[in-house]
């Protein structure tokens, strides 16, 4: 593929290339139902970013006016995020995205404990087997270092089994990590109850057990008020809540200490060296604030559509299986179904040609083939894990749109049946 | 400071905040002479980015049209960078910035060797004491891991002493790291000669010694044609050559292998997990291509201005000392002087009030006080290291602008003399 581009590109002057881009940019009037993978940028975020892309190019670390204004913009954005999650600004650290935030939290806390003299071999971490790759892959790295990684059981809806968590926590446990809402099946974890189990273990073993929560999918649909999550580390990704790509936030508790995973100029309290992405941070500030400002109304509205949509899908496609929880335990905009026997990757392409953008699983879990690790874990059913379809609604998705999608899907399923019978 | 912002912010609605931003954005008509710290975004880069901020919000890892178009844009940008540095696209890795690129190259190559079974204790790395913090601080991390970090001598202009390099290289050496052009004093290293010394050592010890070059300051003024640099790892930062902040590039040689420093979805050949910053990458592609397209003409033009400017400064301020090299060994747009006895941080503020944006040293080395480590190293003169002034020209800087700056500076120096005599 790259080679094609080289060939193509050599014919391009920058100008031609740019108009090429604009052509690429046409034909976007499809029904976008992949909100869990990426979200459009909030117009207000773009408006806030534009001056810092076009005029205000100062380095926030410079002491002249241009630098000072860039610094003010970064601190203003930090204050917006701080207000959105209700912490003091010094507990808000901007990162290069959600993945970096999860890496910084997990590797950073372990490294910090290591610096305090605790051997990797005397550290245990507890997580689940249904987390986003930015957690599961980082856990593998921790295991390489000698940290013991324990996996707590999840039920058939993907919720952490509290009794099992209680069992797993020990005097050696230093960290518990899970998603606020699962990026594939939308299962919302019972953070308060998990936090309670952790607190009991801390008392029982007279130790500190940090709680890391990957809240990438949360800001548009759930409260991210920091104290109410009980987290020591709350990781957000602007790109998942109508902010720009390439900007994340790590909110840390007062008691938590971190070591950096990147080294340099010491920006972001020496936790994220490198010149700040000023425009991106400005856009992120606006996006997180807007997402949290009215998450409840947004969620209540979309939950209505989602519930009716699920009933409609069940009605039209009786062979489908719903993956994940129902009611409050399911992220407002998430629908995840399996249609055993159906090649849902192909179905995704077919739906796309009809103007419906959906996905099979998490984009980061590989857009391509392969079963859903998440659904495999909760169902122990390979056929179900191999036939997932994730429909993640936007705040404006209508039941009618889902009904037309369902019709296309139904037709496709019947065609496939005919072909294979 | 943060607290002020919280107080201020709570008074702000998003709208007020945004217009607040636009007010911040006024008064940018000063003479900007801090190009080494940050550069304005190329209008063509903004034009290329805008659709990917406003319309094309797809996740490049999604398989639907919106995702495919985002993927195409990323690969097109990769092809632009590949063409600019003349490598195949698969050797171009997008990162979250120059600092991350340097960290990935240094930590990544050591970790990769470690995985191949080589103990840290059997690895030696050679660098200088005048590198950017993203290298010096990462070297400290490598030393913590047990890698031996050796510092090669630099001469009074900041150039690596080749004889000393030859001395330091051994059978245990796995990596040599230096900047193409120093970010403070603009000294350009003799990459080819350094490469030759490395090649001889590789033959002599029958080993592989990787060569890492931090080229953040180079694209606008020097050829970054990959083979001609002799590097195994060439690190670029879009924000230093009229691209957006928060995007870097790591160009790797065919023989070089790296381990990631962040873990997750496996993007960028598993070397930089996390959803790609599509708009930023698109802007970076345009910026790197434009920077390299006519670097020579740009450099030749600016060198004329810079040389006359240095002569004028020497003439008007005889007590000044020039830091760094002259002629081809100095980055085209760099002027770095010391005025022993002068508080140049205050002078920077005074110049700023007169509309001249300059700096004392590298923004990442801390905009605030403290001597320049770089100048301390080359001069062993604390007074000189404590009184540096970095004037980094733009492609459009005129001699007249430098003359007016010089007049303001001269006046300020005389005032200071009167006050202190």
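Protein chains in written order, with my numbering: chain A, 362 to 782; chain B, 362 to 782. Every residue, glycine too, gets a C-beta built ideally from N, C-alpha and C.
Check your understanding: Which of the three DSSP states, helix, strand or coil, is assigned to residue 721/B?
Key -> By 1-based counting over the second chain, the position of residue 721/B is 360. Residue 721/B: coil per DSSP, three-state reduction.
Exercise for review: Please decide whether residue 732/B counts as near chain A, where near means a Cβ-Cβ distance under 8 Å.
Suggested key: Taking the first residue of the second chain as 1, we reach residue 732/B at position 371. For residue 732/B, the answer is no, since every Cβ of chain A falls outside 8 Å of its Cβ.
**Study point:** Assigned exposure category for residue 616/A - 16 Cβ within 10 Å defines buried
**Key:** In the first chain, residue 616/A corresponds to position 255, counting from 1. With fewer than 16 other beta carbons inside 10 angstroms of its own, residue 616/A counts as exposed.
Review point. Which partner residues does residue 573/B have in the DSSP bridge list?
Key: As a working mapping, residue 573/B is identified with position 212 in the second chain. According to DSSP, which records beta bridges pairwise, residue 573/B is partnered with 538/B and 594/B.
Check your understanding: If you draw a straight line from the C-alpha of residue 766/A to the C-alpha of residue 720/A, how long is it?
Key -> Here residue 766/A refers to the residue found at position 405 of the first chain. Here residue 720/A refers to the residue found at position 359 of the first chain. The straight-line gap from Cα to Cα measures roughly 13 Å.
Point to revise | First and last residue of the uninterrupted alpha helix (DSSP H) at residue 469/A | key: Counting from one through the first chain, the residue named residue 469/A turns up at place 108. Residue 469/A -> alpha helix (DSSP H) spans 459-476.
Exercise for review: Could you say if the region 659-667 of chain B and the region 687-700 of chain B meet the contact criterion of at least three C-beta pairs nearer than 8 Å?
Suggested key: yes
Point to revise | Secondary structure of residue 765/B, DSSP reduced to three states | key: Looking up residue 765/B in the second chain gives position 404. Residue 765/B: helix per DSSP, three-state reduction.
Review point. Got a sec? Which residues, its chain only, sit under 6 Å from residue 592/A by beta carbon, not counting five neighbours each side?
Key: What you label residue 592/A is simply residue 231 of the first chain in a count that begins at 1. The residues are 572 and 574.
Check your understanding: Does the beta carbon of residue 690/A sit closer than 8 Å to a beta carbon anywhere in chain C?
Key -> The displayed structure is made up of protein chains A and B, and chain C is not among them.
Check your understanding: Whose Cβ in chain A lies nearer than 8 Å to the Cβ of residue 478/B?
Key -> On the second chain, residue 478/B is found 117 positions in, with the first residue counted as 1. Correct list: empty, because the minimum Cβ distance to chain A is about 14 Å.
Exercise for review: Output the distance between the C-alpha atoms of residue 606/B and residue 457/A, rounded to the nearest integer angstrom.
Suggested key: As a first step, residue 606/B must be located in the second chain, where it is residue number 245. As a first step, residue 457/A must be located in the first chain, where it is residue number 96. Looking at the two C-alpha atoms, the distance is approximately 11 Å.
Check your understanding: Given that residue 594/A touches chain B, what residues does it touch there, using C-beta distances under 9 Å?
Key -> The count along the first chain starts at 1 and reaches residue 594/A at position 233. When 9 Å is used as the limit between beta carbons, residue 594/A is near no residue of chain B, the shortest such separation being about 16 Å.
Exercise for review: Assign residue 733/B to one of three DSSP states: helix, strand, or coil.
Suggested key: Start at 1 with the first residue of the second chain, and residue 733/B comes out as number 372. Looking at residue 733/B - three-state DSSP - the assignment turns out to be coil, as it is neither helix nor strand.
Exercise for review: Kindly identify the DSSP beta-bridge partner or partners of residue 695/A.
Suggested key: Here residue 695/A corresponds to residue number 334 of the first chain, with the count starting at 1. Beta-bridge pairing links residue 695/A to 753/A.
Practice item. Work out the CA separation of residue 741/B and residue 754/B for me, nearest whole Å. Key: Translated into the one-based positions of the second chain, residue 754/B becomes position 393. Translated into the one-based positions of the second chain, residue 741/B becomes position 380. Residue 754/B and residue 741/B have their C-alpha atoms some 27 Å from each other.
Check your understanding: Looking at the unbroken alpha helix (DSSP H) that takes in residue 496/A, where does it start and where does it end?
Key -> Position 135 of the first chain, counted from the start, is the residue given in the question as residue 496/A. First-last of the alpha helix (DSSP H) with residue 496/A: 494-506.
Check your understanding: Closer than 9 Å, Cβ to any Cβ of chain A: which residues of the region 635-667 of chain B, in chain order?
Key -> 635, 636, 637, 638, 639, 640, 641, 642, 643, 644, 646, 647, 650, 651 and 654
Practice item. With a 10 Å radius around its C-beta and 16 neighbouring C-beta atoms as the bar for buried, classify residue 782/A as buried or exposed. Key: Working through the first chain from its first residue, we reach residue 782/A at position 421. Residue 782/A is exposed by the Cβ-count criterion.
**Study point:** Within chain A, partners of residue 393/B - CB distance below 9 Å
**Key:** Along the second chain, read from residue 1 onward, the residue named residue 393/B stands at position 32. Those within 9 Å of residue 393/B in chain A are 418, 419, 425 and 427.
Review point. Contact between the region 481-495 of chain B and the region 641-656 of chain A: three or more CB pairs below 8 Å?
Key: no
Check your understanding: Counting only beta-carbon atoms, is residue 402/B nearer than 8 Å to chain A?
Key -> In the second chain, the residue the question calls residue 402/B occupies position 41. Yes - at least one Cβ of chain A is within 8 Å of the one on residue 402/B.
Check your understanding: What is the DSSP secondary structure of residue 314/B, reduced to helix, strand or coil?
Key -> Absent from the structure is residue 314/B, since the part of chain B shown begins at 362 and ends at 782.
**Study point:** DSSP-derived helix/strand/coil call for residue 333/B
**Key:** Not covered by the structure: residue 333/B. The range shown for chain B is 362 to 782.
Exercise for review: Compare the C-beta of residue 385/B with all C-beta atoms of chain A and state if any pair is closer than 8 Å.
Suggested key: Locating residue 385/B in the second chain gives position 24, counting from the first residue. At residue 385/B the pLDDT is 37, less than 50, meaning the model places this residue with poor confidence; the figure from the coordinates comes in the next sentence. So yes, residue 385/B belongs to the interface.
Practice item. Measuring only between beta-carbons, confirm whether residue 414/A sits less than 8 Å from chain B. Key: What you label residue 414/A is simply residue 53 of the first chain in a count that begins at 1. Output row for residue 414/A: interface = yes.
Review point. Within 8 Å (strictly less), CB to CB, does residue 587/B reach chain A?
Key: Within the second chain, residue 587/B is the residue found at index 226, counting from 1. No, because no Cβ of chain A sits closer than 8 Å to the Cβ of residue 587/B.
Check your understanding: Given that residue 783/B touches chain A, what residues does it touch there, using C-beta distances under 9 Å?
Key -> The structure shown does not extend to residue 783/B, since chain B is modelled only from 362 to 782, so the question has no answer here.
**Study point:** Selection of the region 606-623 of chain A by Cβ proximity to chain B, strictly under 7 Å
**Key:** 606, 607, 622 and 623
Check your understanding: Based on Cα-Cα distance, which residue from 411/A, 600/A, 629/A and 604/A lies nearest to residue 613/A?
Key -> Position 252 of the first chain, counted from the start, is the residue given in the question as residue 613/A. Taking only the C-alpha atoms, the option nearest residue 613/A is 629/A.
Exercise for review: Spell out a yes or no on whether the region 516-523 of chain B and the region 549-559 of chain B are touching, meaning 3 or more CB-CB pairs, one atom from each, closer than 8 Å.
Suggested key: yes
Review point. Taking just the CA atoms, how far does residue 563/A sit from residue 528/A?
Key: Here residue 528/A corresponds to residue number 167 of the first chain, with the count starting at 1. Here residue 563/A corresponds to residue number 202 of the first chain, with the count starting at 1. Inter-residue distance for residue 528/A and residue 563/A is about 13 Å (C-alpha atoms, whole angstroms).
Point to revise | residue 411/B in three-state terms, based on DSSP | key: Within the second chain, the letter at position 50 stands for residue 411/B. Here residue 411/B sits in helix by DSSP.
**Study point:** Chain-ordered neighbours of residue 710/A on chain B, where CB pairs are closer than 7 Å
**Key:** Here residue 710/A refers to the residue found at position 349 when the first chain is read from its first residue. Simply 424.
Practice item. Please state whether DSSP places residue 400/B in a helix, a strand or coil. Key: Reading the second chain from its first residue, position 39 is the one you call residue 400/B. If DSSP states are grouped into helix, strand and coil, residue 400/B belongs with coil.
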